[in-house]
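Asker: One structure follows; several queries about it will come next.
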Amino acid sequence: MDEKKHRLIMDRISKHFPGVKALTNVSFRMFPGEIHVLMGQNGAGKSTLIKVLTGVYSIDSGEIRLDDKEIRAQSPLEAQELGISTVYQEVNLCTNLTVSENIFIGREPMKRGRIDWKEMHAEAKVLLKRLNVDIDPTKQLGEYSVAIQQMVAIARALNISAKILILDEPTSSLDSNEVNELFKVMRKLKSEGLAILFVTHFLDQVYEMSDRITILRNGEFVGEYKAEELSRMELVSKMIGKEMDEMEQVQELVESHSSIGHQSPFLETKQLARKGSIERFDLKLYPGEILSLAGLLGSGRTEIARILFGADRADQGELKIKGRSVNLKSPRIAIDNGIAFCPENRKSEAIIDDLTIRENIILAMQASLGIFKYLPKKKQTEFADEYIKLLNIKAPGPETLIKNLSGGNQQKVILGRWLLTNPDLLILDEPTRGIDVGAKAEIMKQMGLLCQKGMSILFISSELEEVVRTSHRIAILRDRHKIAEIDNHNVSQQDIMKAIAGGVPNEK
Amino acid sequence: MNVFKLDRRYFPILVTVALFIVMFAAGSIEYNGFFSLQVFLNLLIDNAFLLITAVGMTFVIITGGIDLSVGSMIAFTTMLSATLVQNHHWSPWVVIPFVLLVGSFFGWSMGCLIQYFKLQPFIVTLAGMFLARGLCYLISIESITIDNEWYKTVSQTKVYLFGKNYISISVIIALVVVAAAIYIAHFTKFGRNVYALGGSEQSSLLMGLPVARTKVLVYTLSGFCSSLAGVVFTFYMLSGYGLHAVGMELDTIAAVVIGGTLLTGGTGYVVGTIFGVLIQGIIQTLIMFQGTLSSWWTKIAIGMLLFLFILLQKVFISRKKKSGAAA
Amino acid sequence: MKNKLFWPLVTLAVLLLANLIHNHDFFSITIQDGHLFGSLIDILNRAAPLVLISIGMTFVIATKGIDLSVGSVVSITGAMACLIISKGDGSSMSVLFTALGISLLLALAAGAWNGLLVSLLGIQPIVATLILMVAGRGVAQLITDGQILTISSKPYSFIGAGYLFGLPFSIYIIAFFFIIASVLTRKTAVGLFIESVGTNPTASRLAGIRSGLIIFIVYVLCSFLSGISGFILSSNVSSADGNNAGLWYELDAILAVVIGGNSLNGGRFYLSGTIVGALIIQTLTTSIYSMGVPPEVTLVVKSVVVLVVCLIQSEAFGSVFAARRRKRDKAAKQGVSA
Numbered sequence: 001m002d003e004k005k006h007r008l009i010m011d012r013i014s015k016h017f018p019g020v021k022a023l024t025n026v027s028f029r030m031f032p033g034e035i036h037v038l039m040g041q042n043g044a045g046k047s048t049l050i051k052v053l054t055g056v057y058s059i060d061s062g063e064i065r066l067d068d069k070e071i072r073a074q075s076p077l078e079a080q081e082l083g084i085s086t087v088y089q090e091v092n093l094c095t096n097l098t099v100s101e102n103i104f105i106g107r108e109p110m111k112r113g114r115i116d117w118k119e120m121h122a123e124a125k126v127l128l129k130r131l132n133v134d135i136d137p138t139k140q141l142g143e144y145s146v147a148i149q150q151m152v153a154i155a156r157a158l159n160i161s162a163k164i165l166i167l168d169e170p171t172s173s174l175d176s177n178e179v180n181e182l183f184k185v186m187r188k189l190k191s192e193g194l195a196i197l198f199v200t201h202f203l204d205q206v207y208e209m210s211d212r213i214t215i216l217r218n219g220e221f222v223g224e225y226k227a228e229e230l231s232r233m234e235l236v237s238k239m240i241g242k243e244m245d246e247m248e249q250v251q252e253l254v255e256s257h258s259s260i261g262h263q264s265p266f267l268e269t270k271q272l273a274r275k276g277s278i279e280r281f282d283l284k285l286y287p288g289e290i291l292s293l294a295g296l297l298g299s300g301r302t303e304i305a306r307i308l309f310g311a312d313r314a315d316q317g318e319l320k321i322k323g324r325s326v327n328l329k330s331p332r333i334a335i336d337n338g339i340a341f342c343p344e345n346r347k348s349e350a351i352i353d354d355l356t357i358r359e360n361i362i363l364a365m366q367a368s369l370g371i372f373k374y375l376p377k378k379k380q381t382e383f384a385d386e387y388i389k390l391l392n393i394k395a396p397g398p399e400t401l402i403k404n405l406s407g408g409n410q411q412k413v414i415l416g417r418w419l420l421t422n423p424d425l426l427i428l429d430e431p432t433r434g435i436d437v438g439a440k441a442e443i444m445k446q447m448g449l450l451c452q453k454g455m456s457i458l459f460i461s462s463e464l465e466e467v468v469r470t471s472h473r474i475a476i477l478r479d480r481h482k483i484a485e486i487d488n489h490n491v492s493q494q495d496i497m498k499a500i501a502g503g504v505p506n507e508k
Numbered sequence: 001m002n003v004f005k006l007d008r009r010y011f012p013i014l015v016t017v018a019l020f021i022v023m024f025a026a027g028s029i030e031y032n033g034f035f036s037l038q039v040f041l042n043l044l045i046d047n048a049f050l051l052i053t054a055v056g057m058t059f060v061i062i063t064g065g066i067d068l069s070v071g072s073m074i075a076f077t078t079m080l081s082a083t084l085v086q087n088h089h090w091s092p093w094v095v096i097p098f099v100l101l102v103g104s105f106f107g108w109s110m111g112c113l114i115q116y117f118k119l120q121p122f123i124v125t126l127a128g129m130f131l132a133r134g135l136c137y138l139i140s141i142e143s144i145t146i147d148n149e150w151y152k153t154v155s156q157t158k159v160y161l162f163g164k165n166y167i168s169i170s171v172i173i174a175l176v177v178v179a180a181a182i183y184i185a186h187f188t189k190f191g192r193n194v195y196a197l198g199g200s201e202q203s204s205l206l207m208g209l210p211v212a213r214t215k216v217l218v219y220t221l222s223g224f225c226s227s228l229a230g231v232v233f234t235f236y237m238l239s240g241y242g243l244h245a246v247g248m249e250l251d252t253i254a255a256v257v258i259g260g261t262l263l264t265g266g267t268g269y270v271v272g273t274i275f276g277v278l279i280q281g282i283i284q285t286l287i288m289f290q291g292t293l294s295s296w297w298t299k300i301a302i303g304m305l306l307f308l309f310i311l312l313q314k315v316f317i318s319r320k321k322k323s324g325a326a327a
Numbered sequence: 001m002k003n004k005l006f007w008p009l010v011t012l013a014v015l016l017l018a019n020l021i022h023n024h025d026f027f028s029i030t031i032q033d034g035h036l037f038g039s040l041i042d043i044l045n046r047a048a049p050l051v052l053i054s055i056g057m058t059f060v061i062a063t064k065g066i067d068l069s070v071g072s073v074v075s076i077t078g079a080m081a082c083l084i085i086s087k088g089d090g091s092s093m094s095v096l097f098t099a100l101g102i103s104l105l106l107a108l109a110a111g112a113w114n115g116l117l118v119s120l121l122g123i124q125p126i127v128a129t130l131i132l133m134v135a136g137r138g139v140a141q142l143i144t145d146g147q148i149l150t151i152s153s154k155p156y157s158f159i160g161a162g163y164l165f166g167l168p169f170s171i172y173i174i175a176f177f178f179i180i181a182s183v184l185t186r187k188t189a190v191g192l193f194i195e196s197v198g199t200n201p202t203a204s205r206l207a208g209i210r211s212g213l214i215i216f217i218v219y220v221l222c223s224f225l226s227g228i229s230g231f232i233l234s235s236n237v238s239s240a241d242g243n244n245a246g247l248w249y250e251l252d253a254i255l256a257v258v259i260g261g262n263s264l265n266g267g268r269f270y271l272s273g274t275i276v277g278a279l280i281i282q283t284l285t286t287s288i289y290s291m292g293v294p295p296e297v298t299l300v301v302k303s304v305v306v307l308v309v310c311l312i313q314s315e316a317f318g319s320v321f322a323a324r325r326r327k328r329d330k331a332a333k334q335g336v337s338a
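In the order they appear, the protein sequences are chains L, V and B.
Numbers 1 to 508, taken from UniProt numbering, label the letters of the first sequence in order.
Numbers 1 to 327, taken from UniProt numbering, label the letters of the second sequence in order.
Numbers 1 to 338, taken from UniProt numbering, label the letters of the third sequence in order.
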């Protein structure tokens, strides 16, 4: 394949944002008529790389060559004009316009100074036919399913005579029939000589569609592989990587204390499910135990966490807390039942940027106390100081605004917020993501200590190392199903990777 | 994909049109002399300026913005016209283009502040509202009466249609504006960009549409429309006064909303706005014919209609979202 | 920490000084019939309704909301109180308290209406409160039957025109409510919850705060305070004018909040800043009036002030300057290295 001419070369691209190195010397290339999958965990740099290519971000260093000519797109529009079109995960079209307008807006066919609607609808019909989509282009886009909207987005991209089509997680909201339809179209376009950059988290899809795979990790280039030469195991391990060696202590803590089984569970779910986010699952959480959810992004990890915290409502099944059936309609009710939740998305769902560390720490406790039992400021400061010390939060003092802290310290503040409420169950969704190694170790250590004290912890992490070292039991998720549950006795990362990659038959 | 589904896009408009017909019918049954072409034409004559303003506002609201300065802009235009004609003896042929230019510039400036400094439309146009009212008083605190012959002639000209029924020149202007607006909204790139912008600014940017230019132009257009409405209002009142058209911004927004334009942007039709204006007019007419109800019932009725239509929008949007997710 | 009060206070001081230069007696306070008289007292007295409404508006804006209906609520409570008093015995205290009670209930109902539309139905605050802004004036006129309702009631007129210990009674009213509001924000969790909901509603909900309830409460509070202002305004002139009472107050209140250093994007709020903001507006109005300029011209000044304050707050504006500064720094650095 290498003797063929390159369509695209991205050579040693670097990009940094204030405080974050998003891409370091990442290289990426594409040939005409191939489907190239870009893989990596959250924060690996996939979306930054795509945004660099499509002109949303400018690069710090490196070179981008399209058909052997150096390009530097300054905006998505320029990139489009160069032949690089993107279909995003959330369809970026206007659902209030008609289908044909969504394909043509900005380049509407004109006749005597006015938009030629007839021509536009006719052309749209032809374009969509090419993609095997038979819909009425005069209708509003919003009337059609996401799958159709995605096709319309592709039609728009193609109409701008694309050389490179970027599909950014197009399948994440499609059902299997729709995915198959999409794949048919992708194969057809590939045979027409288009280079397709395909981002997905579903391994089956990767192997079904890709010619080659490029893997990124932590903003760095791991390697480029031919799909048939890279086993699922290797793929997963290359994505996940092996970092963190300073967790021996944590492991000891956890291992010194594995006394579950005879107690009754704190929380138990029976066939709980929510349409479109997680299929029916059974889960038992015992006091003094860490249960991890392992799986790739989009496998249903966060969805389970949100349901158990009442942030989303389950639409079927039953949930019991201490043997009592409970309907978790809102976070408020979950908190009153002794549940705490550190969400995955720290910035938008956890921290209140304009408030101080002190206020952020006491927020959940105050919310439980209500409006009139206001903690005196002295008491608040005491609590804040206590947790700043306990969790080793690096800050000038409790009156520092949380937005001025680093990610790791913000995470510790949120952890402190929940520890203050003294919960029975602590749900940690990717608590270690995007924070420095020291803070990671600290959080892991706290987890060990807390479960020793009898707290039940539900832990979600993409770092399998962390999962293996910290948890007593591991639930494996794939494609929105809970597929297995493993007792963590000398389980290796390999075993888990195998399970995630689909090597383990469904055992339940 | 049945016929009913196609209708859903036009559902809010249909409600508005139906409401107007019902009100007109009710008035016709209840009161003698209500059912006549002239009563209908009077709706247009008395509300020509509201119609023109509402057309501009429709565009602004479709982009998801709002323009609170329109009422003050009308007052300022009447004031500026009056002083130029009356005190400075400019020819109306110079005055009218001049005030239109001033209005457009005013809108353009607000648009620039909104677009380039990312200020909320509501606060910028609120400041514009203050400014325009204040400028009126800088010209004069008192009302200035216009006794220019040309203005008087335009004001009193009746254009007869079908026998004794007539409209005013203002109505003709308003209808031309409406026709132009429909053309702009549906047959020009600018018009479609306005809808796209209201659908999703983010998507519009990613689709490479000229978002900044469109947004600034929309406020310019609204400024133009409200100053044109000011010109028409000058014909109507034959005076310039700082207290003209107080609260008109609310009537205008109400007309647009009742006309089926979603306040969240993206959906709306100029045709709907016409009926929104007509409904406001007919409420006044009904109250007038009724005789014992006082004029403030108009405000209460409009407030209630506004509530109903916002509620309707809410239901409409949430239904649409649900169907989109289920499909 | 940069003190948010600094600029508002400087503005106020400059305004007062300008007045002093124009009129050397500006700061003098005299005693007539045991009452204190003077421009400063006058400003405080006249600012009272605005101060009250602005306190309520501060809460609403801190939750990322806005309340356009305050002016209408002012006219409704004023009209209702005057109507009840005009029907009864003007000097009877029980009539007075019935009037105040019923009117305040109306104000609370108005606030509950706004609050429900925003928190329960999720309608944008501008739109939700627009309804009452339009219909409220109609209701007020309905109450007064479109007339200017004039009453003669000693106890009622005391609210807005009476004197206590030498000072206008309205000053005590604003002091009272300012203290209540401060206590509410400092000694209860209301302030914390409002700031939290205004900064990040999602995170607040996930921390267990009942965001909807908080939003509901701020609208009710705002209407309640507007209602009180309605009494001050109507009792000051012993009449109720459904059409014009409280006209433009929504705008002035928003202005006071913004001038006081509060962000329209919600979050942190500064009650004392708002008070200074309201005083600035009143001083401005008074000084323009005393300089013989038609009072309506204040509108021009206000609009310029709003724009300038918003521009300074706007990130885009800040980044334009930051970019320029960076360029300059860069140029300087290059100069050094070269």
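The C-beta atom is built at its ideal place from N, Cα and C for all residues, glycine as well.
Going by beta carbon distance, what residues of the same chain come within less than 8 Å of L:D245, once the five residues before and after it are set aside?
Answerer: The pLDDT assigned to L:D245 is 44, lower than 50, so where the model puts this residue is not dependable, and the model offers no usable value.
Asker: For V:G291, count the other beta carbons within 10 Å of its own beta carbon; 16 or more makes it buried, fewer makes it exposed. Which is it?
Answerer: Label assigned to V:G291: exposed.
Asker: Identify which residue in L:L293, L:L328, L:K320, L:G317 has its Cα closest to the Cα of L:F309.
Answerer: With distances taken between Cα atoms, L:F309 lies closest to L:L328.
Asker: Give a yes or no on contact between the region 63 to 75 of chain V and the region 177 to 190 of chain V, applying the rule of three or more CB pairs nearer than 8 Å.
Answerer: Touching, no, given that fewer than three Cβ pairs across the two stretches are closer than 8 Å.
Asker: Closer than 7 Å by C-beta to V:F289: which residues in its own chain qualify, once you throw out the five before and the five after it? Chain order, please.
Answerer: Closer than 7 Å at the Cβ level, and outside the excluded window around V:F289, lie G27, Y31, F34.
Asker: Starting from L:R107 and walking both ways along the alpha helix (DSSP H), at which residues does that stretch end?
Answerer: It is not in any alpha helix (DSSP H) - L:R107 carries neither H nor E in the DSSP assignment.
Asker: Enumerated in chain order, which unbroken segments of the alpha helix (DSSP H) with a length of 4 residues or greater are wholly contained in the region 314 to 338 of chain L?
Answerer: The qualifying runs are 331 to 336.
Asker: Below 7 Å CB to CB, which residues in the same chain sit around B:G34 once its five sequence neighbours on both sides are set aside?
Answerer: G166.
Asker: Could I get the ranges of all uninterrupted beta strand (DSSP E) runs contained in the region 134 to 183 of chain V, with 3 residues as the minimum, in chain order?
Answerer: 158 to 161, 165 to 168, all fully within the region 134 to 183 of chain V.
Asker: L:G323: which of L:S264, L:I213, L:F28, L:L197 sits nearest, CA to CA?
Answerer: Considering only alpha carbons, the answer is L:S264.
Asker: Would you report the Cα separation of L:L458 and B:G261, rounded to the nearest angstrom?
Answerer: Answer to the nearest angstrom: the Cα atoms are 43 Å apart.
Asker: On the three-state DSSP scale, how would you describe V:G291?
Answerer: V:G291 falls in the coil class under three-state DSSP.
Asker: Under a CB-based cut-off of 7 Å, is L:G106 close to chain A?
Answerer: In the structure shown, chain A cannot be found, because the protein chains are L, V and B.
Asker: Got a sec: which bits of the region 263 to 280 of chain V sit with their beta carbon under 9 Å from any beta carbon on chain L, in order along the chain?
Answerer: Listed in sequence order: G265, G266, T267.
Asker: Consider the Cβ of B:K333: report whether some Cβ of chain L lies at a distance smaller than 7 Å.
Answerer: Here B:K333 scores only 49 on pLDDT, less than 50, and its place in the model should not be relied on; the value that follows carries that caveat. Closer than 7 Å: no.
Asker: 7 Å is my cut-off, CB to CB: does B:A338 come that close to chain V?
Answerer: Only weak support exists for where B:A338 lies, its pLDDT of 37 falling under 50; the coordinates are left without a value.
Asker: Taking only the alpha-carbon atoms, compute the straight-line gap between L:R187 and B:G208 and give it to the nearest angstrom.
Answerer: Rounded to the nearest angstrom, the two C-alpha atoms are 49 Å apart.
Asker: What are the residues in the region 121 to 155 of chain V lying within 8 Å of chain B by C-beta distance?
Answerer: Correct list: F122, I123, V124, L126, A127, G128, M129, F130, L131, R133, G134, L135, C136, Y137, L138, I141.
Asker: When DSSP builds the beta bridges, which residues end up paired with L:K284?
Answerer: Answer is L:E268, bridged to L:K284.
Asker: For L:I115, which residues in chain V fall below 9 Å Cβ to Cβ?
Answerer: The answer, in chain order, is H186, F187, T188, K189, G191, R192.
Asker: Does the ligand NAD have a heavy atom nearer than 6 Å to the CB of V:T220?
Answerer: In the structure on display, the ligand NAD does not appear, and there are no ligands present to speak of.
Asker: Which runs of the beta strand (DSSP E) fall wholly inside the region 462 to 502 of chain L and span at least 3 residues, in chain order?
Answerer: For the region 462 to 502 of chain L, whole beta strand (DSSP E) runs of length 3 or above, ordered along the chain, are 473 to 478, 481 to 487.
Asker: Between the beta-carbon of V:G240 and the beta-carbon of V:M79, is there less than 7 Å?
Answerer: It is a contact, given that the beta carbons lie within the stated cut-off.
Asker: List, in chain order, every chain L residue whose beta-carbon is nearer than 7 Å to that of residue 331 of chain V.
Answerer: Residue 331 of chain V lies beyond the residue range present for chain V, which begins at 1 and ends at 327; the question has no answer from this structure.
Asker: Given B:L15, which residues of its chain have a CB within under 7 Å of its CB, disregarding the five upstream and five downstream residues?
Answerer: The residues are I280, T283, L284, S287.
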